Amino acid sequence: MKIAIASSDGENVDLHFGKANSLYIYNFDGDTTNFIEKRTVDIDEDERHQWTKVLDKIQDCDVIIAVQFGFKSKFGIEEAGLKIVVDEGLVIDALKGYVDHYTFMKSPL
Numbered sequence: 397m398k399i400a401i402a403s404s405d406g407e408n409v410d411l412h413f414g415k416a417n418s419l420y421i422y423n424f425d426g427d428t429t430n431f432i433e434k435r436t437v438d439i440d441e442d443e444r445h446q447w448t449k450v451l452d453k454i455q456d457c458d459v460i461i462a463v464q465f466g467f468k469s470k471f472g473i474e475e476a477g478l479k480i481v482v483d484e485g486l487v488i489d490a491l492k493g494y495v496d497h498y499t500f501m502k503s504p505l
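Just remember that the numbering used here sits 396 ahead of the position in the sequence shown, which is counted from 1.
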């Protein structure tokens, strides 16, 4: 599964989805999580509703982690089939938290 994280520096989950000019993409294969690449988005700070630009960059991902999502972007992201995760702090902690939760939820009772 591919996980996109909205981060300004690759270390902190610190960007609003609609203003995310950089996304760090990770792959979780069921056992390990590996960094794949950094993707950039041409965001104009003066324009509103640029979330579609961000969504276009992560169409191949399964999950997006960001500090905040706007109402319209939530609808669009869900329509595209991506899971939304609201989190902040260190990227490594957000990844571990999501992967641990995913693994727990997929384990048999």
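No residue lacks a Cβ here, since even glycine has one placed at the ideal position from N, Cα and C.
Here the structure is a predicted model, which means the values were calculated and not measured.
Under the assumption that residue i contacts residue j (Cβ atoms under 8 Å), give the Cβ distance between them as a whole number of angstroms.
{"i": "Val-450", "j": "Val-463", "result": "Actually they are not in contact, since the Cβ atoms of Val-450 and Val-463 sit about 13 Å apart, beyond 8 Å."}
{"i": "Ile-399", "j": "Phe-424", "result": "6 Å"}
{"i": "Phe-413", "j": "Ser-503", "result": "Phe-413 to Ser-503, Cβ: 29 Å. No contact."}
{"i": "Lys-479", "j": "Asp-458", "result": "6 Å"}
For residue i, does the three-state DSSP call read helix, strand or coil?
{"i": "Leu-419", "result": "strand"}
When the Cα atoms are used, what is the spatial distance from residue i to residue j?
{"i": "Thr-499", "j": "Gly-426", "result": "8 Å"}
{"i": "Arg-435", "j": "Leu-505", "result": "38 Å"}
{"i": "Asp-405", "j": "Lys-415", "result": "14 Å"}
{"i": "Ala-490", "j": "Glu-484", "result": "7 Å"}
{"i": "Met-501", "j": "Ser-418", "result": "29 Å"}
{"i": "Asn-430", "j": "Val-495", "result": "12 Å"}
{"i": "His-497", "j": "Val-409", "result": "18 Å"}
{"i": "Val-586", "j": "Ile-473", "result": "Residue 586 falls outside the range modelled here, since the chain spans only 397 to 505, and no answer is possible."}
{"i": "Gly-466", "j": "Ala-476", "result": "15 Å"}
{"i": "Asp-442", "j": "Thr-448", "result": "15 Å"}
{"i": "Ile-454", "j": "Thr-428", "result": "21 Å"}
Kindly list the residues whose CB is nearer than 7 Å to the CB of residue i, restricted to its own chain and excluding five residues on each side of it in sequence; keep chain order.
{"i": "Glu-407", "result": "Leu-486 and Val-487"}
{"i": "Asp-456", "result": "Lys-398"}
{"i": "Glu-433", "result": "Ile-421"}
{"i": "Ser-403", "result": "Val-409, Asp-410, Leu-411, Ser-418, Tyr-420 and Val-487"}
So, for residue i: in the same chain, excluding its five sequence neighbours on each side, which residues have a beta-carbon less than 8 Å away from its beta-carbon?
{"i": "Asp-440", "result": "Gln-446"}
**Prompt:** Which full runs of the alpha helix (DSSP H) of 4+ residues lie inside the region 425-485, going along the chain?
**Reply:** 447-453 and 467-475
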